[in-house]
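Peer 1: Please read through the structure below; I'll follow up with questions.
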Amino acid sequence: RNRARYEVANNSYAKGIVLTLANDVVGTGPRLQLLTEDGEANTRIEREFTAWAKAVGLPEKLRTLRMARATDGEAFAVLTSNPRLATPVQLDLRLVEADRVGTPDLNAVTVNAVDGIVFDAAGNPVEYHVLKDHPGEGYRAVREYDRVPASAMLHWFRCDRPGQARGVPDILPALPLFAQLRRFTLAVIAAAETAADFAGILYTDAPASGESDAAEPFEPIELEKRALVTMPGGWKMSQLQAEQPSTGYAEFKHEILNEIARCLNMPINGAAGNSSGYNYASGRLDHQTYFKAIRVEQVHLEAVVLDRILAAWFDEAALIPGLLPDDLGPFVHWPHQWFWDGHEHVDPAKEANAQA
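Read in order, the letters of the sequence shown correspond to residues 629 to 984 in the working numbering.
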């Protein structure tokens, strides 16, 4: 996790990849559509929920959750109350960094506990242990923590192995590749600087026993700007030609970035932010897998985060007189769906002609 954070904080490609993922998955935020038989009630509830989502900054928090999942491997959020909200519903979403979820008290760890999460006999989370201060602050010797019930905690991560309870960074397989890219870039810069440190070199075409003036080997000669310099008899001066960056530098970066982006199902032009080598067809083809992965993540986000937020919002909205209709039955049976930002076409004219 620390290595992933280092790369995202200090590597422009890693930062851009994580931001692109968050923007593509969340975009400007999900939009709720109720599908009950009362159209007027649907519109009123959707308007109230949209106003609440804007008040709490739900799109921004969802984008932060996606970036945290890519960097930290998992994202936590606590459903809490915020009395300073200007909306009738005071529900709020407080994000928690993954480092704060843990159990420092070994005496409190039970058999059905994994790193700050307590499970019941059926494997369902019962409570989460959230440290009151970040472990990196280091000013408190005894770590105190809160026991947050599972009903108030949102935990979003990708489960890669059966029985996995905590997440690992999405960019984990690419961490060695970022280091290789940095090493190769530094080697290219060092080679170019080494070649630039020498203005030129003296050489002679005379044979070893030929006649030429004596010259000290590796003796430096100070050069002045716009000066005409004479060489010893039989000697010539040649300026060094820098061989770096070599012709293979761009190709190496392309292949490394392609391998980095593969673990995220992202095409190379999305990771590099450069589509100069693409045509329209190949760009669409490469993005098909990426868009499918984005849709899978959005469905997962709906089930783990959004539906639970909506249920908590309904629970509090039901206590406010006149906010929810009384003649639609229990809101757990209200059908709904979430809408996300669509993906823009690269060439709208070609897309329109193809549809025609």
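All residues carry an ideal CB built from backbone N, CA and C; glycine is no exception.
By alpha-carbon positions, which one of 690, 843, 678, 711 ends up nearest to residue 703?
Peer 2: 690
Peer 1: Who are the near neighbours of residue 802 in its chain, counting only those whose CB is closer than 7 Å to its CB and skipping five residues on each side?
Peer 2: A distance below 7 Å between beta-carbons, with the five flanking residues on each side excluded, links residue 802 to the following residues of its chain, in chain order: 888, 891.
Peer 1: So, under 8 Å CB-CB, residue 642 and residue 806 are touching, yes? Tell me the CB distance rounded to an integer number of Å.
Peer 2: 6 Å
Peer 1: Mind checking whether residue 832 and residue 862 have CB atoms under 7 Å apart?
Peer 2: yes
Peer 1: Which residue wins for smallest C-alpha separation from residue 760, given the options 749, 775, 746, 754?
Peer 2: 775
Peer 1: Anyone know if the C-beta pair for residue 753 and residue 714 falls short of 7 Å?
Peer 2: no
Peer 1: Return the chain-ordered list of same chain residues with a C-beta closer than 8 Å to the C-beta of residue 637, the five sequence neighbours on each side being excluded.
Peer 2: 643
Peer 1: Between the Cα of residue 646 and those of 821, 898, 746, 730, spot the shortest distance and give me the residue it belongs to.
Peer 2: Closest option to residue 646, Cα to Cα, is 898.
Peer 1: Select from 708, 686, 925, 950 the residue whose C-alpha is nearest the C-alpha of residue 698.
Peer 2: 925
Peer 1: Is residue 924 near the ligand ATP, judged by its Cβ being under 6 Å from some heavy atom?
Peer 2: Looking for the ligand ATP in the displayed structure turns up nothing, as the structure carries no ligands at all.
Peer 1: For the beta strand (DSSP E) containing residue 991, list its first residue and its last residue.
Peer 2: Since the first and last residues shown for the chain are 629 and 984, residue 991 lies out of range.
Peer 1: Would you kindly work out how many angstroms separate the C-alpha atoms of residue 923 and residue 632, rounded to a whole number?
Peer 2: Those two C-alpha atoms are separated by around 24 Å.
Peer 1: Under a Cβ-count criterion, where at least 16 other Cβ atoms within 10 Å of its own Cβ denotes burial, should residue 749 be classed as buried or exposed?
Peer 2: exposed
Peer 1: Jot down the residue ranges of each uninterrupted alpha helix (DSSP H) in the stretch 660 to 693, minimum 4 residues, whole runs only, in chain order.
Peer 2: 667 to 684
Peer 1: Mind checking whether residue 866 and residue 901 have CB atoms under 7 Å apart?
Peer 2: no
Peer 1: Identify every run of the beta strand (DSSP E) within the stretch 696 to 775, keeping only runs that are complete inside it and at least 3 residues long; order them along the chain.
Peer 2: 702 to 709, 719 to 724, 745 to 747, 753 to 759
Peer 1: Would you check if the stretch 962 to 977 and the stretch 661 to 669 touch, i.e. whether three or more CB-CB distances between them fall below 8 Å?
Peer 2: yes
Peer 1: Looking only at its own chain, which residues have a Cβ that is under 7 Å from the Cβ of residue 744, when we skip the five neighbours before and after it?
Peer 2: 729, 730, 731, 756, 757
Peer 1: Which residue from 980, 979, 956, 977 puts its Cα closest to that of residue 673?
Peer 2: 956
Peer 1: Quick one: grab the DSSP three-state call for residue 971.
Peer 2: If DSSP states are grouped into helix, strand and coil, residue 971 belongs with coil.
Peer 1: Can you say whether residue 670 is buried or exposed, counting buried as having 16 or more other CB atoms within 10 angstroms of its CB?
Peer 2: buried
Peer 1: For a test of the three-state rule: what should DSSP assign to residue 784, helix, strand or coil?
Peer 2: strand
Peer 1: Using only alpha-carbon positions, find the residue among 816, 912, 913 that is nearest to residue 880.
Peer 2: 816
Peer 1: Restricting to Cα atoms, I'd like to know which of 933, 903, 678, 711 is closest to residue 705.
Peer 2: 933
Peer 1: To the nearest angstrom, report how far apart residue 939 and residue 678 are at their CA atoms.
Peer 2: 15 Å
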